[in-house]
Amino acid sequence: MATLFSPGTLKLLTYNVRGLNTPEKRSKILRELWAQKASIAFLQETHLRGETAPIIRDRNFPTGYSSNYGLSKSRGVAILFARGLPFEEVGVQRDPEGRFLFVKGRIAGTLFTLASVYLANKAQHRCLAAILLSLQDFQEGTLVLAGDFNIAMDPQVDASTGVSSTPRNILRRMRRLLDSHQLVDVWRALHGGEKDYSYYSSVHAVYSRIDYFFVQQHTFDIIRASDIHTKTWSDHSPISACLTSPIFVPRERTWRLNLSLLEDPVVLAETRQLLSDYFVENLTPEIPITTVWEAHKAVLRGFLISKGTAAKKLRIAQKADLFDEVSRLENLHAASGDTATYQLLIKARASLTSRLTADLKFLATKTNSFFALHENKPGRLLAQILKSKKAKAYIPRIRLPSKDITTHPDRVAEEFYTYFQSLYSLQTSQFPDLNVTDINSYLANKNLKRLSPEEATDLGSSITVEELVSALKHVKPHKCPGPDGLPVEYLKLLQPELLPHLLATFNSLLSEGTLHSSALAATITLIPKPGKDPLLPSSYRPISLLNTDVKLLARILASRLQQYLPRLVDSDQVGFIPGREAKDATSRVINAILIAKQEKLPFLLLSTDAEKAFDRVLWPYLMQVLQQFGLGDGFLRWVSALYTSPSARVRVNGALTASFPILNGTRQGCPLSPLLFALSLEPLLAAIRANPVIPGLQGRRHRHKVAAYADDLMFLLTDPITSLPEVVRELQHYGTVAGLTINAEKSEILGISVPEGMAQQLQKRFRFKWCADKLKYLGIWLSADVMRISKLNFEPLLIDIRHDIKTWSNKHISWLGRIGVLKMNILTPHSLPYANDSTPHLKRNLSSPPPLFSILRMGGRTTPS
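So that you can map any letter, position 58 of the sequence shown is 58 in the UniProt record's numbering, and since no number is skipped, the others follow by simple counting.
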């Protein structure tokens with residue numbers, strides 16, 4: 001595999017921001033940090049007061065820490081981390097005086113201690129000594145100390161006058177203190193005797209360098225560069241330091257449409273004209289419309305890239321001219337001290353600030369309007385405010401087949417490529433002899449339900465424009481696009497120019513056969529599974545990012561198929577079936593436990609762990625199953641078009657592996673996949689239902705043998721000595737034609753009323769894990785003692801609710817917003833598991849909620865103010 005990564009750098013920035021109490025100032029600093037491409041920012045003089053201060057963060061800097069002074073709006077320091085930086089917190093130490101903040105954590109596995117400091121403007125040596133004493137016990141790994149030290153360490157080169165008003169003994173003690181801790185002034189070490197300044201005192205008419213980066217002498221080799229940048233809206237210059245990064249950056253960049261380009265009326269009009277002309281010139285009988293549709297993306301991409309590049313060059317040139325002018329005047333004034341030059345400098349800096357922040361007031365007004373409209377309503381905005389930050393899925397290391405652990409980014413990516421290429425080629429590697437005769441032999445006598453010819457014809461009829469518009473309307477915005485880089489907003493914005501041709505492309509598949517190969521390409525993103533070993537590729541869930549047009553076709557087909565699923569799939573399968581819920585499955589299991597207890601039958605629960613069930617479905621089997629259900633030729637042509645020569649690339653730490661073909665599986669991320677999976681599993685469930693050796697339990701209306709939510713199967717087994725081996729045989733038989741594999745070591749058994757001798761016999765025969773007294777199914781703890789089920793689930797739930805409410809209580813949420821919090825997070829997800837539970841215990845615990853919910857009502861205070 002070609003080299004995917006190149007060594008990266010971490011750009012650190014320290015900045016005295018002179019107060020961040022207004023939203024406009026916070027937006028200003030966050031935008032400037034992003035424009036400077038800062039990875040980590042050290043801020044001083046934030047002037048935020050106490051624990052109720054607003055949070056300094058946005059989507060570009062989602063993680064941040066601050067240390068504020070509680071007695072007044074002065075001092076205050078902060079450290080911010082850019083998105084995409086895989087920072088794992090180890091520890092934080094704050095100063096109640098707002099003078100320092102220490103943050104310790106790992107970046108791609110490398111341990112750093114970061115310290116942002118703001119020294120007093122008198123007796124700086126005492127302030128620094130106290131800070132370094134506290135830091136000594138906290139520090140681990142590589143130390144970076146940055147901030148405003150309020151002192152020119154060497155006045156001869158760090159002050160424009162060559163002298164300083166600071167007493168010499170303080171200067172001497174400061175240097176001695178830094179030397180004793182082996183701290184090196186980064187900028188001075190790289191720039192020798194050069195003169196440059198970070199602050200101008202108009203009172204004393206002196207330029208000085210008082211903002212610093214320090215690292216320890218033995219780690220100085222990680223420093224690559226350091227610069228003092230032009231002042232903009234603060235009276236201090238931002239100082240940068242570039243470090244050798246433990247993070248490698250991808251060599252290849254993926255393109256994604258910048259929607260802001262289409263906000264320009266001129267560019268939008270040109271785009272509309274380009275698309276109209278393109279389709280007029282290229283829609284000919286000789287060229288398949290699927291090819292014309294796919295080729296338009298390349299034409300559009302080239303056009304928008306050129307527009308974006310031109311706009312970016314213009315912005316950069318305009319800013320560069322202003323920066324150069326400010327820098328020229330600063331240097332001239334520092335050398336001459338001329339008053340007229342200083343007045344020109346002030347005007348130039350005002351022009352620069354105005355240029356940088358011209359749209360901030362408009363954006364702030366727009367943001368305030370949005371918050372005023374949505375902040376109190378249960379929905380996306382309130383959920384974003386409440387949700388916990390999730391760690392970035394950066395994968396610094398992986399275990400090789402040899403059991404060695406590698407940290408080399410290319411080897412890490414290669415392991416994922418090898419794993420997923422193998423996973424999606426089961427048809428040729430593990431089932432080369434599978435044929436249609438074997439599949440049909442298995443499906444015979446399964447008594448699967450079928451659609452009528454009229455229903456099949458309707459299911460496979462041409463797609464209408466109303467269906468396409470409805471599907472487009474229901475696709476959620478702001479979703480990551482597929483490999484073509486075109487999000488759903490592109491289709492929504494240019495509907496008149498695009499939808500007629502997209503509709504024709506979809507309907508052409510009824511006769512012409514297949515989509516273009518690039519249309520079926522996907523990008524696989526990796527989501528770590530909670531509680532799994534992060535060193536194993538199998539511990540990451542693959543989510544396929546499909547192109548928006550393909551996803552729309554899948555959504556339309558899924559919408560058509562959904563209306564028939566409740567008739568085609570029996571009631572014991574509840575996953576992704578309209579009108580059925582997870583609680584139906586858990587209710588079935590709890591009722592089975594009660595029946596077995598009442599009838600005193602030997603009974604156990606078997607919860608199976610299917611290994612990559614969605615990804616292992618064999619396509620020859622899937623197509624035969626769909627035929628057995630009578631879905632019709634038209635619908636099968638569309639499904640076949642989606643499953644003819646798809647490919648994928650895995651995104652690992654931002655880089656894309658080589659492409660490989662997909663030969664099996666229903667792709668997670670496709671709207672149609674869960675419905676097809678439910679149909680593919682139905683023959684197995686039908687075999688279980690029809691097997692007389694698996695007696696199950698007789699309810700009032702039905703005999704219960706299995707409860708299923710997609711691939712989460714729970715078998716309800718009486719007479720386990722004979723029924724358990726038969727279930728295993730059915731699973732193995734199904735696996736030979738469908739590709740399903742059950743992981744016995746991870747599958748669990750809970751003995752409800754199994755005699756001890758029988759249990760011992762079964763344990764010797766099967767490798768399933770036997771649970772002592774409880775088993776979790778669909779998030780619910782089950783027990784042989786039904787009366788314990790509420791206690792097993794409700795008490796941990798109550799702890800979670802208390803923790804969540806205490807967390808939410810510190811958020812800035814209005815009274816109506818707090819009501820929305822309860823609706824979204826207490827009355828819905830937390831109570832959902834108990835819709836099937838015995839309610840007296842639940843009612844008894846929720847009958848007097850004020851002691852718990854009043855914490856949220858009073859904004860985190862435990863006593864009224």
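Heads up, the beta-carbon is just placed ideally off N, CA and C, and yes, glycines get one too. Keep in mind it's a predicted model, so treat the numbers as computed, not measured.
Exercise. To the nearest whole angstrom, what separates the beta carbons of A648 and A521, a pair I think is in contact under 8 Å?
Worked result: 7 Å
Exercise. Which partner residues of F213 appear in the DSSP bridge assignment?
Worked result: A146
Problem set entry | Within 9 Å, strictly: CB atoms of F576 and P500 | no
Exercise. Would DSSP call S39 helix, strand or coil?
Worked result: coil
For this session: Check whether the Cβ atoms of residue 914 and I524 lie closer than 9 Å to each other.
Result: It is not possible to answer for residue 914, since the shown part of the chain is limited to 1 through 865.
Exercise. Is C127 helix, strand or coil when you go by DSSP?
Worked result: helix
For this session: Tell me whether C480 is buried or exposed, calling it buried when 16 or more other Cβ atoms sit within 10 Å of its Cβ.
Result: With fewer than 16 other Cβ atoms from the protein chains shown falling within 10 Å of its own Cβ, C480 counts as exposed.
Exercise. Whose C-beta lies closer than 6 Å to the C-beta of K73 among residues of the same chain, with five residues either side of it excluded?
Worked result: These residues qualify, in order along the chain: H47, R49.
Exercise. Exposed or buried, which one is V488 when buried takes at least 16 other CB atoms within 10 Å?
Worked result: buried
For this session: Would you tell me roughly how many angstroms separate the C-alpha atoms of P566 and G579, rounded to the nearest one?
Result: Between the alpha carbons of P566 and G579 lies a distance of about 8 Å.
For this session: State the Cα-Cα distance for the pair A120 and L20, rounded to the nearest angstrom.
Result: When the Cα atoms are used, A120 and L20 turn out to be separated by approximately 19 Å.
Exercise. When we look at the beta-carbon of residue 905 and count the other beta-carbons within 10 Å, is it buried (16 or more) or exposed?
Worked result: Any answer about residue 905 is impossible in this case: the structure gives the chain only from 1 up to 865.
For this session: Jot down the residue ranges of each uninterrupted alpha helix (DSSP H) in the stretch 739-781, minimum 4 residues, whole runs only, in chain order.
Result: 756-765
Problem set entry | Buried versus exposed, by CB contacts within 10 Å (16 or more), I405 | The residue is exposed, with fewer than 16 neighbouring Cβ atoms inside 10 Å.
For this session: May I ask which residues mark the beginning and end of the beta strand (DSSP E) holding N591?
Result: That residue, N591, is in no beta strand (DSSP E); its alpha helix (DSSP H) goes 582-599.
For this session: State whether the stretch 80-93 contacts the stretch 31-40, with contact taken as three or more CB pairs (one from each stretch) at a distance under 8 Å.
Result: Yes: the two stretches touch, three or more of their Cβ pairs being nearer than 8 Å.
For this session: Would you tell me roughly how many angstroms separate the C-alpha atoms of Y15 and S39, rounded to the nearest one?
Result: 13 Å
Exercise. In terms of DSSP beta bridges, what is E270 paired with?
Worked result: Paired residue(s): none; E270 is not in a bridge.
Exercise. Once you ignore the five residues that flank L568 on each side, which residues in its own chain have a CB closer than 6 Å to its CB?
Worked result: K449, F629
For this session: Determine the contact status of G76 and G98, defining contact as a CB-CB distance below 9 Å.
Result: Contact annotation: G76 and G98 have beta-carbon atoms nearer than 9 Å.
For this session: Give the straight-line distance between the Cα atoms of E45 and F213, rounded to the nearest whole angstrom.
Result: Between E45 and F213, the C-alpha separation is close to 17 Å.
For this session: Note the first and the last residue of the continuous alpha helix (DSSP H) segment covering F677.
Result: Start and end: 673-690.
For this session: For N376, count neighbouring Cβ atoms within 10 angstroms of its own Cβ and tell me buried if that reaches 16, exposed if not.
Result: Any reading at N376 must be qualified, since the residue scores a pLDDT of 49, below 50, and its modelled position is unreliable; the value itself is stated next. By the 10 Å Cβ count, N376 comes out buried.
Problem set entry | Start-to-end residues for the alpha helix (DSSP H) that takes in G50 | Element bounds for G50: n/a, residue is neither H nor E.
Exercise. Considering T428, what are the terminal residues of the alpha helix (DSSP H) in which it resides?
Worked result: Per DSSP, T428 is one residue of the alpha helix (DSSP H) stretching across 426-429.
Exercise. V706 lies in the alpha helix (DSSP H); which residues open and close that run?
Worked result: First-last for V706: 706-709, but that is the beta strand (DSSP E), not the alpha helix (DSSP H).
For this session: Could you say if the stretch 155-173 and the stretch 133-147 meet the contact criterion of at least three C-beta pairs nearer than 8 Å?
Result: no
Exercise. For the putative contact between I556 and I463, defined by C-beta atoms under 8 Å, what is the C-beta separation to the nearest angstrom?
Worked result: 6 Å
For this session: Would you mind reading off the limits of the alpha helix (DSSP H) that contains F323?
Result: 289-336
Problem set entry | Reference G739; option with closest CA among M714, W619, R541, P396 | W619
Exercise. Given a threshold of 16 other Cβ atoms within 10 Å of its Cβ, counted over all protein chains shown, does Y834 qualify as buried or as exposed?
Worked result: Reliability fails at Y834, whose pLDDT of 49 lies under 50, so the model's placement of it is uncertain and no value is given.
Problem set entry | R172 versus I799: straight-line alpha-carbon distance, rounded | 55 Å
Exercise. Taking only runs of the beta strand (DSSP E) that begin and end inside the stretch 522-573, which ones reach a length of at least 3 residues, in chain order?
Worked result: 540-546
For this session: Quick one: grab the DSSP three-state call for H191.
Result: helix
Exercise. Given a threshold of 16 other Cβ atoms within 10 Å of its Cβ, counted over all protein chains shown, does M787 qualify as buried or as exposed?
Worked result: Classification of M787: exposed, given that the 10 Å Cβ count is below 16.
For this session: Mark F220 as exposed unless 16 or more other C-beta atoms lie within 10 angstroms of its C-beta, in which case mark it buried.
Result: exposed
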